[in-house]
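Colleague: To start, I am sharing the structure in question, which I have written as structure tokens.
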Amino acid sequence: MALKLPFLSAAFFLVTLRSAAQEPLQQLIAAERSFAQAAIQTTTKQAFLASMADSAIMFNNGQPELAKPGWQKRPEQPNAPKLIWGPAFASIANSTDLGYTTGPWYIEQAEGKRVAHGQFFTLWGRQPDGSFKFLLDVGVSHPAPASADLPTQVAAPSRPTPMSKRRRANLPKLDEQLSAALQDRGAGSGYAAWLSPQARLLRDAHPPLTTPAAIAPVLAADPVRRFTSQGSRVAHSGELGYTYGTYLSAQTPSDQGGYLHVWQLEARGWRLVAEVLTPTAPPKP
Numbered sequence: 002m003a004l005k006l007p008f009l010s011a012a013f014f015l016v017t018l019r020s021a022a023q024e025p026l027q028q029l030i031a032a033e034r035s036f037a038q039a040a041i042q043t044t045t046k047q048a049f050l051a052s053m054a055d056s057a058i059m060f061n062n063g064q065p066e067l068a069k070p071g072w073q074k075r076p077e078q079p080n081a082p083k084l085i086w087g088p089a090f091a092s093i094a095n096s097t098d099l100g101y102t103t104g105p106w107y108i109e110q111a112e113g114k115r116v117a118h119g120q121f122f123t124l125w126g127r128q129p130d131g132s133f134k135f136l137l138d139v140g141v142s143h144p145a146p147a148s149a150d151l152p153t154q155v156a157a158p159s160r161p162t163p164m165s166k167r168r169r170a171n172l173p174k175l176d177e178q179l180s181a182a183l184q185d186r187g188a189g190s191g192y193a194a195w196l197s198p199q200a201r202l203l204r205d206a207h208p209p210l211t212t213p214a215a216i217a218p219v220l221a222a223d224p225v226r227r228f229t230s231q232g233s234r235v236a237h238s239g240e241l242g243y244t245y246g247t248y249l250s251a252q253t254p255s256d257q258g259g260y261l262h263v264w265q266l267e268a269r270g271w272r273l274v275a276e277v278l279t280p281t282a283p284p285k286p
């Protein structure tokens, strides 16, 4: 049974209906699917090492770090439960050098029992040979969905109308401005000024938040967080980029961890099109 995708507004349409001019997006989706298939056919370790860029970032207990050294130290576990995933949504910059994929994952034991579920978010960069390697990979966990089947189709956003004169991109500065807005206006109102209409939020314990109706109550209950960027990149075409780093709530000191922000240049300027929070686990008693 094909996965039923959540409601998508008229601004979205299926990748399978896009024209041949969208071939780079199809290449991006193929890279994600090849990555996922390798994890089934070999091991999770081999698949990750083969698919990551040398400078790829992952999060370890809420802290961003280089992914390759940690994965190289992991033992091979050919009989371990399988990590299985597939893309449900993808987007790529006009210059095709930067894009992202996101969708569901689950862990399946040898007898077929699924023991964990969540969502992944992967940033991809085109390499000198034309292939894609992932630049950053992060995920969240949530309860089992009503349907655990992987998507058979991948949705993509319509390309927003950019400003006629592009502002010079300083994405870490945008994180600072977002933090200031949250401090001044609270999480709900502070985010509202910065979120893209196409925004997607991934949070632990929540299904993907992809509509204003789903996002608003979660943000209204959020503590005020401050984001500190540790890295960023902008596509050559200048309309898509990302930041990553750590966050901390002054109100709730235990609320801390790592974040990924994807920024997109739209008619109103730079807007937050995706956010993933990966919290630090509380210390064991």
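If you read the sequence shown in my numbering, its first letter stands for residue 2, the second for the next number, and so on.
Cβ atoms here follow ideal geometry from the backbone N, Cα and C, with glycine treated the same way.
Bear in mind the structure is a predicted one, so any value in this text is a computation, not a measurement.
How about Gln257 and Gly119: are their beta carbons less than 8 Å apart?
Modeller: No, Cβ-Cβ distance for Gln257 and Gly119 is not below 8 Å.
Colleague: Helix, strand or coil, according to DSSP, for Ala215 in the structure here?
Modeller: Looking at Ala215 - three-state DSSP - the assignment turns out to be helix.
Colleague: Alpha carbons only, please: which of Pro76, Pro280, Gly131 is nearest the one belonging to Thr97?
Modeller: Comparing Cα positions, the closest option is Gly131.
Colleague: How about Ile30 and Pro88: are their beta carbons less than 8 Å apart?
Modeller: Yes. Within cutoff.
Colleague: Return helix, strand or coil for Arg115, following the three-state DSSP convention.
Modeller: Residue state, collapsed to three classes: strand.
Colleague: Going by C-alpha distance, which of Arg227, Phe228, Pro209 is nearest Val219?
Modeller: Nearest C-alpha to Val219: Pro209.
Colleague: Quick check on the DSSP output: what are the complete alpha helix (DSSP H) runs of length 4 or more inside the stretch 49-136, in order along the chain?
Modeller: Counting whole runs of 4 or more residues, the stretch 49-136 contains the alpha helix (DSSP H) stretches 68-74.
Colleague: Go to Ser297, then tell me how far its alpha helix (DSSP H) extends in each direction, as first and last residue.
Modeller: Nothing can be reported for residue 297: it is not among the residues displayed for the chain, which extend from 2 to 286.
Colleague: If I'm right that Gly232 touches Ile58 with Cβ under 8 Å, what's the distance once you round it to whole angstroms?
Modeller: Sure, about 7 Å apart at Cβ, within 8 Å.
Colleague: Can you give me the C-alpha to C-alpha distance between Asp185 and Trp125, rounded to a whole angstrom?
Modeller: The alpha-carbon atoms of Asp185 and Trp125 are separated by roughly 34 Å.
Colleague: Taking DSSP as the reference, what is the three-state secondary structure of Asp138?
Modeller: Correct three-state label for Asp138: strand.
Colleague: What are the residues that DSSP puts in a beta bridge with His262?
Modeller: For His262, which the question treats as bridged, DSSP gives the partners Thr244, Glu276.
Colleague: Could you check whether the stretch 70-80 touches the stretch 200-217, counting it as contact only if at least three pairs of C-beta atoms, one from each stretch, sit closer than 8 Å?
Modeller: Touching, no, given that fewer than three Cβ pairs across the two stretches are closer than 8 Å.
Colleague: Grouping DSSP H, G and I as helix and E and B as strand, with all else coil, what is Ser148?
Modeller: The answer is coil: DSSP assigns Ser148 none of H, G, I, E or B.
Colleague: Measure the CB-CB distance between Asp176 and Thr244 and report whether it falls below 8 Å.
Modeller: Contact: yes.
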